[in-house]
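Right, one structure below, let's go through it.
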Amino acid sequence: MHRVDLRRLILLLTIAATLLTFAISFHASYQTLRSQLMGQTLEANHAYAAKLAHSTDNFLKAAQQQLAYSAALLPEMLDQAERLDAEVTRLKEQTGTFNGVFIVGAKGRVQAVAPWRPGLVDSVLQTEGAQRALAARAPLISTPYVGLRGHLLVFLSQPIFAPDGRYLGYVGGAIHLGESDGSLQALLGNHYYQDGSQLYVVDGNRHLLHHQDPSRTGGIVAGNPAVEAVLRGEEGSRRLRDASGIDMLAGYAPVPSSGWGVVAQRPTAATLQALDGLMLDILLNALPFFIPVLAAIWWLSQLIARPLRQLAVTARHWEHAAARTEIRQVRSWYFEAEQLRLAMLGGLSLLHRKLGQLNQENVTDPLTGLANRRGLQLALERWQEQNRPFAAIAVDIDHFKQVNDTYGHDVGDRVLQHVSRLMRSVSRSGDLVCRGGGEEFILLLPEAGLEAAAQVAERLRALSGQTKSPTGGCVTLSAGVAHWPSCAASPSAVLKLADEALYRAKRSGRNRIALAGQLEVGSEDAPVS
């Protein structure tokens, strides 16, 4: 089954972590900017409403002060029609605050009016504002109502008192609402936002005194949290839904002198519309940095994974001779890779030792330490491939069965070890000494001729006959000698010829040697012919 490699895992993990971090940062930036934009809009609307509330309050105070100043002068001129006409004209034209100015007597009869209207002087005003001003005998700002000429207006009035305190009537001014000629409209009408933002003024009864939509002026605002708060005298900002269900960010402030309230609100969607552009700018500004980051991630993943990948590739051909060199050449620059490299080197060394040990055990006779039949066979195959001539000496311990029967198998094993030591002592460094099985041994002499091998066999026979064995006496040996390729066509045939020569020596009386293809045998008394 195909498995993903470490480099791809690191790359995928790092890219995923980077993208996740970027997404979280992007989302956090979005939320932060969103909160900041909404907070700034709420604060701006609050400041705007507070400024207009302050301006409206000053406007109303100034209007009342104009009326109060006139009310203080009027007791001296109430019986002088020309002076009254001049006074109402002055009030009307002085600042343009009022759309109409009235001087009304204590009985409610109009004594002067500006602008002049036929039939209005000496008539009794029945309008809501006039009746309330007459009844209040105090400074008054009326609720919105429809005047004599069909205008929606508010009426401001100041009472006129004689020096002795008698109530003489009032002087009042009408301010049109929702019309271009109204001074309040001029004060509040310059609203610069064209994105659905609204600015409106309400009185204490929730009547709209001013609104962006003139058709709503005079209507009642119900269920608006900002209006309810501002009419309680509170000042601040909040997020709300207006009567149309539109999500709004509203700021509000009261007008202390009149009990009115000013509300400035902007659609939340309009506020956040700029956020999409800001986030796109953030994304575009981040891309030039993000691409090099991805390239750096790819390069680092290569750098981190390379040592482990090289070790993994080497592990696939662990048995090759070049594996150790390849592992040594791996640049393991960080701790884990270095520890793994060292562990692999140690494991490879241990494996080679174990394999060498197993191979050695596989070709070695455990009792004598000599090569066994398998070791013998491997040597013969190797020399045959190399076309390397050799001589073979087959050796057998005479009367070994009697040794076992007389002294026991422990002594017999020690005798076998004794003979193996003797054979090593007469062999060269390149010769191969083997135990063929039981009490039989084989000595292979590469590059040696038949006569030289016969001399070695004779030295071994003579040495054994002169050396004390574990039995307490000496043991005698019989031997057969053959040569390849002079005596046989194959190495296996040479061993067979050496065995045949050995058995001829035994049949001839033991303690002697015989050469392959010759009938002569020798003993310690008669040298080999």
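If you read the sequence shown in full-length UniProt numbering, its first letter stands for residue 1, the second for the next number, and so on. Cβ atoms here follow ideal geometry from the backbone N, Cα and C, with glycine treated the same way.
A residue is called buried once 16 or more other Cβ atoms fall within 10 Å of its Cβ, and G261 is buried on that count. The shortest CA-to-CA distance from F26 to any of R238, L283, S258, A186 is the one to L283.
Assigned with DSSP and collapsed to three states, W116 falls in coil, not helix or strand. In this structure, G251 and S237 form a Cβ contact; the two beta carbons are roughly 4 angstroms apart against a cut-off of 8 angstroms. The beta-carbon separation of I304 and I10, rounded to 6 angstroms, stays under the 8 angstroms limit for a contact. Taking R374 as the centre and dropping the five residues before and after it, the same chain places the C-beta of N362, V363 closer than 7 angstroms to its C-beta, in chain order.
The DSSP-derived three-state label of F98 is coil. Taking the C-beta atoms as reference points, V419 is found no nearer than 7 angstroms to S427. Secondary structure note for L463: its alpha helix (DSSP H) is the uninterrupted segment 450-466. Within the same chain, and ignoring the five residues on either side of G196 in sequence, the residues whose Cβ sits closer than 6 angstroms to its Cβ are P267, A270.
Fewer than three Cβ pairs drawn from the stretch 89-101 and the stretch 71-80 lie within less than 8 angstroms of each other, which leaves the two stretches out of contact. For S478, the pairing in a beta bridge is given by DSSP as D396. CA-CA distance, S349 to L340, rounds to 14 angstroms. In the structure shown, V227 adopts helical secondary structure according to DSSP, grouped into three states. In the assembly as shown, V403 is a buried residue. Its beta-carbon has 16 or more other beta-carbons within 10 Å. Taking 8 angstroms as the upper bound for CB-CB distance, I103 and G169 are in contact here, some 7 angstroms apart. Judged by beta-carbon spacing, A114 lies beyond the 7 angstroms limit of G172, meaning their Cβ atoms are not closer than that value. Contact annotation: the stretch 439-458 touches the stretch 381-396, with at least three C-beta pairs closer than 8 angstroms. Annotation: G517 to C487 spans about 8 angstroms, alpha carbon to alpha carbon. Non-local beta-carbon contacts of V124 in its own chain, meaning distances under 7 angstroms to residues more than five positions away in sequence, involve G108, R109 in chain order. For S258, the closest C-alpha among the options Q302, G245, L209 is that of L209. Under a 10 Å Cβ-count criterion, E458 is classified as buried, with 16 or more other Cβ atoms of the shown protein chains found around its own Cβ. For F390, DSSP records a beta bridge to P446, W484. Of the residues T21, Q158, A498, the one whose Cα lies closest to the Cα of A391 is A498. The three-state secondary structure of S157, taken from DSSP, is strand. Within the model, the alpha-carbon separation for V121 versus Q185 is close to 28 angstroms. Minimum Cα-Cα distance from A16 among the listed residues A243, F290, E87 corresponds to F290. Annotated three-state conformation of A514 is strand, per DSSP. For W299, the uninterrupted alpha helix (DSSP H) segment begins and ends at 268-316. Our two residues, R117 and H176, have alpha carbons roughly 17 angstroms apart in a direct line. Within its own chain, the residues whose Cβ lies closer than 8 angstroms to the Cβ of V202, once the five positions on either side in sequence are excluded, are L208, L209, V221, V227, V230, L231, W260, G261, V263, listed in chain order. The beta-carbon distance between Q111 and L84, rounded to whole angstroms, is 6 angstroms. This is short enough to meet the 8 angstroms contact definition. Assignment of beta-bridge partners to E440 by DSSP yields D396, G437. The C-alpha of G438 lies about 54 angstroms from the C-alpha of E336. Take the alpha-carbon of L376 and the one of A479: they are about 18 angstroms apart.
The beta-bridge partner set that DSSP reports for S237 consists of G251.
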